[in-house]
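Peer 1: Could you have a look at this structure, given as structure tokens, before my questions?
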Amino acid sequence: MKEYLNYYEGRKVLVTGGAGAVGSILVRKLLELKAQVIVLDDLSSGYTWNLPQNEQGLLFVQGDVVDEVDLKRVFNEEPQIIFHLAAFFANQNSVDYPEKDLNINGLGTLKLLQYGVMYGKLERLVYASSGCSIYPSDAPMPFKEDLGASMYMGTPYQITKMLGELYMNYFYKMKGLPISKARFFNSYGAGEVPGQYRNVIPNFIYWAMQGQSLPITGTGEETRDFTYVGDIVDGLLRMGYMKEAIGEAFNLAAGKEIKIIDLANKVNKFAGSDKEIRYLPRRKWDTKTRLLASNEKARKVLGFDPIQDFDYGLKETIQWFDTNWDNIKDCAKFGPGISSAVRPVAKENNKESLAKC
Ligand SMILES: NC(=O)c1ccc[n+]([C@@H]2O[C@H](COP(=O)([O-])OP(=O)(O)OC[C@H]3O[C@@H](n4cnc5c(N)ncnc54)[C@H](O)[C@@H]3O)[C@@H](O)[C@H]2O)c1
């Protein structure tokens, strides 16, 4: 087995947001590597059914990264490595609820870093940043890590993901914390439950599996650098171990551009739907019509090697939907946005699914 994988055996690893899309896959992998895993998650967009059940080596703490009692609770477990994935996700959600976004992505990240300094024994803190947020719309592609950031960001989420990186830099340079910044680009794969504020792939699959037509917000010629969650997790594990990662940012991306129309056609084909595709106006904040990252630095420094073929990855994701359909159906949230923020959000589900979600 590779050295960076061996490293996790017996180590105490805190995963904030560990019940979420990327977190749940990371947690599974860490348990497979025999790490002692502590998950801190408030279950706002994560699900306990998405985590391994009754697994030795997993401590699940339902709590909030902004709450000092919850932070004390998990730091008392003496983690050696932290993967900070908890976040208010993502662009449209932050447009609808900008204060929540700042509280969790900004203050939550700051508090975690402060606790990291007070605790004094952290070997590594890996931060889940967002390449789609950091790089300006008009930056030359493929995006490289040393490109400057935009001063005019499209959403509060983009601002707070950048803020998270700035806090990481500050705590690295001024407080000596061994941080590392992972920039993701449209993760997809098992583990992501569809919903109003979720990514396009789980939502397309969810609709196609129910025989609904797929809505494209734009022309369909837009591109994204879709990256399989297993590849992202492999990159994170490398960043949690390698000394060369300290103080650095890495694009954990497949490095391939895929058109949304091609994605929609593939999802329809693999899910067995023959419904037509609908076109809606592009969302105002969605100014990044093409996204392609360079993974050259991650390849060179970390040995990162994203291997998942896109068609195969999509089929695997559909397989995960099939296996978990009842839970997914109960937990997928497609509620209204800010227009109804003043009203309590009605949960349409029964008691059992409320407990699940
Ligand atoms: N998925 C992507 O395509 C993508 C792209 C770029 C960056 N990222 C970043 O990667 C990370 C993981 O993304 P994801 O897709 O797994 O998101 P996710 O929403 O599935 O997971 C986030 C988890 O954090 C938890 N959480 C939210 N607020 C919390 C709080 N206050 N305290 C504790 N837990 C809290 C949620 O319940 C959820 O389980 C996030 O930081 C996200 O910003 C994701």
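Residues -12 to 344 (the working numbering) are what the sequence shown spells out, left to right.
We treat Cβ as the ideally placed atom computed from N, Cα and C, and that holds for glycine.
If you draw a straight line from the alpha carbon of residue 8 to that of residue 83, how long is it in whole angstroms?
Peer 2: Against the sequence shown, residue 8 aligns to sequence position 21. Against the sequence shown, residue 83 aligns to sequence position 96. One C-alpha to the other measures close to 21 Å.
Peer 1: Between residue 139 and residue 85, what straight-line distance do the alpha-carbon atoms span, to the nearest angstrom?
Peer 2: Here the question's residue 139 lines up with position 152 in the sequence shown. Here the question's residue 85 lines up with position 98 in the sequence shown. If I take the Cα positions, the gap works out to 16 Å.
Peer 1: Do you know offhand how far residue 304's Cα is from residue 257's?
Peer 2: Translated into positions along the sequence shown, residue 304 becomes position 317. Translated into positions along the sequence shown, residue 257 becomes position 270. Between residue 304 and residue 257, the C-alpha separation is close to 10 Å.
Peer 1: Figure out for me which residue from 264, 187, 42, 170 has the closest Cα to the Cα of residue 176.
Peer 2: Position 189 of the sequence shown, counted from the start, is the residue given in the question as residue 176. It is 187 whose Cα lies nearest to the Cα of residue 176.
Peer 1: Please report the residue range of the beta strand (DSSP E) in which residue 349 lies.
Peer 2: Residue 349 lies beyond the residue range present for the chain, which begins at -12 and ends at 344; the question has no answer from this structure.
Peer 1: Alpha carbon to alpha carbon, how far is residue 22 from residue 231?
Peer 2: The sequence position of residue 22 within the sequence shown is 35, counting from 1. The sequence position of residue 231 within the sequence shown is 244, counting from 1. If you take the alpha carbons of residue 22 and residue 231, they lie about 22 Å apart.
Peer 1: Check whether the Cβ of residue 77 sits closer than 8 Å to any heavy atom of ligand 1, and report yes or no.
Peer 2: As a position in the sequence shown, residue 77 is number 90, starting the count at 1. Result yes, Cβ under 8 Å from ligand 1.
Peer 1: Where does residue 333 fall in DSSP's three states?
Peer 2: Working through the sequence shown from its first residue, we reach residue 333 at position 346. In this prediction, residue 333 has a pLDDT of 39, which is less than 50 and means its spatial position is unreliable; what the coordinates show is noted afterwards. Coil.
Peer 1: Threshold first: 4 residues or longer. Then list the alpha helix (DSSP H) segments lying entirely within the stretch 1 to 56, N to C.
Peer 2: For the stretch 1 to 56, whole alpha helix (DSSP H) runs of length 4 or above, ordered along the chain, are 8 to 19.
Peer 1: If distances are taken between C-alpha atoms only, which option among 29, 27, -3 comes closest to residue 20?
Peer 2: Here the question's residue 20 lines up with position 33 in the sequence shown. Ranking the options by Cα distance to residue 20, first place goes to -3.
Peer 1: Roughly how far, in whole angstroms, is the beta-carbon of residue 165 from the beta-carbon of residue 109, given that I think they are within contact range, below 8 Å?
Peer 2: Counting from 1 along the sequence shown, the entry for residue 165 is found at position 178. Counting from 1 along the sequence shown, the entry for residue 109 is found at position 122. That pair is a contact at about 7 Å.
Peer 1: Given this structure, state the Cα-to-Cα distance separating residue 62 from residue 101, to the nearest angstrom.
Peer 2: Mapped onto the sequence shown, residue 62 falls at position 75. Mapped onto the sequence shown, residue 101 falls at position 114. Approximately 11 Å, taken between the alpha carbons.
Peer 1: Under the three-state reduction of DSSP, which class applies to residue 321: helix, strand or coil?
Peer 2: Here the question's residue 321 lines up with position 334 in the sequence shown. In this structure, residue 321 counts as coil in the three-state DSSP scheme.
Peer 1: So what's residue 171 in DSSP terms, helix, strand or just coil?
Peer 2: In the sequence shown, the residue the question calls residue 171 occupies position 184. In this structure, residue 171 counts as strand in the three-state DSSP scheme.
Peer 1: May I have the straight-line CA-CA distance separating residue 56 from residue 343, to the nearest angstrom?
Peer 2: Residue numbering aside, residue 56 sits at position 69 when the sequence shown is read from its first letter. Residue numbering aside, residue 343 sits at position 356 when the sequence shown is read from its first letter. Computed Cα separation, rounded: 25 Å.
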